Amino acid sequence: MTTPMPTTDADQHAWRPRYHFSPKRHWMNDPNGLVHFDGEYHLYYQYNPQGDDWGNISWGHAVSTDLTHWQELPVAIPATDRLMAFSGSIVVDHANRGGFAPAGATVPALVAFFTGFDPGTKIQSQHLAFSLDRGRTFTPYAGNPVLDIGSTEFRDPKVFWHEPTQRFVMLVVVALEQQVWFYTSRNLVEWTRVSTFGPAGSADGNIWEVPELFALSVDDDPTRKRWVLIVSVNHGSLWGGSGVQYFIGDFDGTRFVADDAQPPTLWADHGRDFYAPIMFANMPDERVLWLGWCSNWEYARELPTQPWRGQQSAPRELSLVTTPRGLRLRQRMAAEMKALVGPEPLFTARENSAHMTAASLAQAGIQGRQLMVRLRALRAGLDSPIGLELLKGAGESVKVGFDPERNSFFINRSCAAPRFKGQSERHDAQRLSNANEIEIEAWIDGSLIEVLADGGSVALTDLVYARPDASCLGLFHGAAATVSLLEVHAMQATLCSPDGLQVEARHL
Ligand code: FRU
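In terms of my numbering, the sequence shown opens at residue 31 and continues consecutively.
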């Protein structure tokens, strides 16, 4: 590990996300056990309650009633000397099939499945713990582990109820084999292995982690659904390091079969900093929402932030969309995020030359690190890249744009001064649409940039640690570009510490 570079309070103040969740202090990685229950959304996460590096891994906990304001609560599943609590999922046992709720109880048990990691033997096995107090505290099941194959690479259980077969299903990765093992159960404690998926897709010397499986509607038609299997892969992803692969196919309650007609590897996000995403279980509506850890194992331990290290993406709504290249995952910001978007744009330009638009944007002198920017431009006639200069300051900026020559959207963070390994890069994502207008939606929050392009058929997520005074916004373009729309909104800060105070007021 490299020595962290010296930073100032002003740096930390500038880098702290304000409308994405980051813990008040200390290390965080994957989201765990995302679940909606009794009017609350629960965000558990891999957490070190004692330090800024990975270790003592427990399930940290935050709760929200609206998916945007997160309240940090005490650790929900603490590590012990003999067992860390690695990633997993939660199922609401409405019919009390596991028998964890007392007879006659009106509130169902939330049943958490996680990988118990024994730091002595390094064995990873699947454990269960249940909560009878709305997800605040969890009691370990006396018969743990519920699954143990004596492996040191067997983890990240995803459990859900499969209505047609009237069984619970569990997916677990056998990481080095690049496999997902499927199990089924009727009572949550006895599990039978029923099938295997993988290796498949990118085989670049990687390991598989955090499997996820859900059915998504196609082209917003709720009667047309396909299953999507998600696998987070480490070391061998698109740009090296961690990334998220997906497979579209069918699932019958026992076996997942991927369609033949898809390219060998499909990536959910084409940036560097979106990993281990999982969906919210037990949603009050039909939506599939997920969020992921915005970091990358290649440099997660070197990120220059303190007193926290780790941030989650915003919740994104998932669906499938038919594109000229085939069926693809689409990610749109969860509708709840709109509540944080300032009602009056800070800047609007319509139907104008890029040249004129750039000049009036420069004149407006907009500054900010919590912004949502929407850019639409005509594809025809574009002879050179067009896009946004974000977090712009003396000699540095981050470019988010569209490159007509490569027909790709990109984030280029190499123009910001590098503050950790891997920052000097440009990340491209092939455009999938043939529409006349290219569309870029950029959500900026301190050190985090989420780009959803062309209605969400392309996603790019990257971290950038720009200087505190680098907070201007610009437009770059070639000679002949026409901007159909440029709209800049301020985003409202939401992050609360456990006592309800804004993080910045208390800690910076
Ligand atoms: C993914 C991961 C999981 C594991 C957890 C440990 O980022 O490596 O496979 O359960 O993190 O914190």
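The beta carbon of each residue, even a glycine, is placed where N, CA and C say it ideally should be. Being a predicted model, the structure only gives us computed values, none of them experimental.
Using a 10 angstroms sphere on the CB of VAL210, the tally of other CB atoms reaches 16 or more, which defines it as buried.
Apart from sequence neighbours up to five positions away, the residues of its chain that approach GLY146 with a beta-carbon distance below 8 Å are LEU113, MET114, ALA115, PHE116, GLN154, SER155, GLN156, HIS157, ASN174 and PRO175, ordered along the chain.
Short note on ALA306: C-beta closer than 7 Å to some heavy atom of the ligand FRU. When the beta-carbon positions are compared, LEU64 and ILE308 come within less than 8 Å of each other. Leaving aside the five residues that flank VAL224 on each side, the residues in its chain whose CB is nearer than 6 Å to its CB run, in chain order, PHE212, THR214 and THR284. With contacts defined by Cβ atoms closer than 8 Å, GLY398 and SER501 form a contacting pair. The beta strand (DSSP E) runs lying completely inside the region 317-369 and spanning 3 residues or more are 319-323, 346-353 and 356-363, given in chain order. Annotation for LEU246: the continuous beta strand (DSSP E) segment containing it runs 237-248. Counting along the chain, THR226 sits inside no alpha helix (DSSP H); it lies in the beta strand (DSSP E) bounded by residues 222-227. At least 8 Å separates the beta-carbon of GLN208 from that of GLY180. Residue ranges of uninterrupted alpha helix (DSSP H) with 4 or more members are absent from the region 245-319; none lies entirely inside it. In this chain, the alpha helix (DSSP H) harbouring ASP39 covers 39-45.
In the DSSP assignment, ARG456 is bridged to ASN442. Annotation for GLY231: GLN275, PHE277, PRO294 and THR295 place their beta carbon closer than 7 Å to its own, counting only its chain and skipping 5 residues before and after. Residue pairing for PRO61: DSSP places it in a beta bridge opposite TYR75. Counting other Cβ atoms within 10 Å of its Cβ, ASN217 stays below 16 and is therefore classed as exposed. The beta carbon of GLN208 sits no closer than 7 Å to any heavy atom of the ligand FRU. Less than 8 Å separates the beta-carbon of GLY508 from that of ASP413.
Proximity to GLN342 across ARG406, TRP269, ALA330 and GLU455 peaks at ALA330, based on C-alpha coordinates.
With respect to HIS519, GLY322 sits apart: the two C-beta atoms are not nearer than 8 Å.
No heavy atom of the ligand FRU is found nearer than 7 Å to the CB of ILE470. The three-state secondary structure of THR524, taken from DSSP, is coil. Distance from the C-beta of ILE107 to the nearest heavy atom of the ligand FRU is not below 7 Å. Secondary structure at LEU376: coil, using DSSP grouped into helix, strand and coil. Between GLN42 and THR335, the beta carbon gap of about 6 Å places them in contact (Cβ cut-off 8 Å). Of HIS124, ALA139 and ALA125, the smallest CA-CA separation from ALA131 is found for ALA139. The three-state secondary structure of ASP186, taken from DSSP, is strand. ASP249 and ASN86 have their C-alpha atoms spaced approximately 43 Å apart. HIS457 is positioned such that its CB atom lies no closer than 8 Å to that of ASP484.
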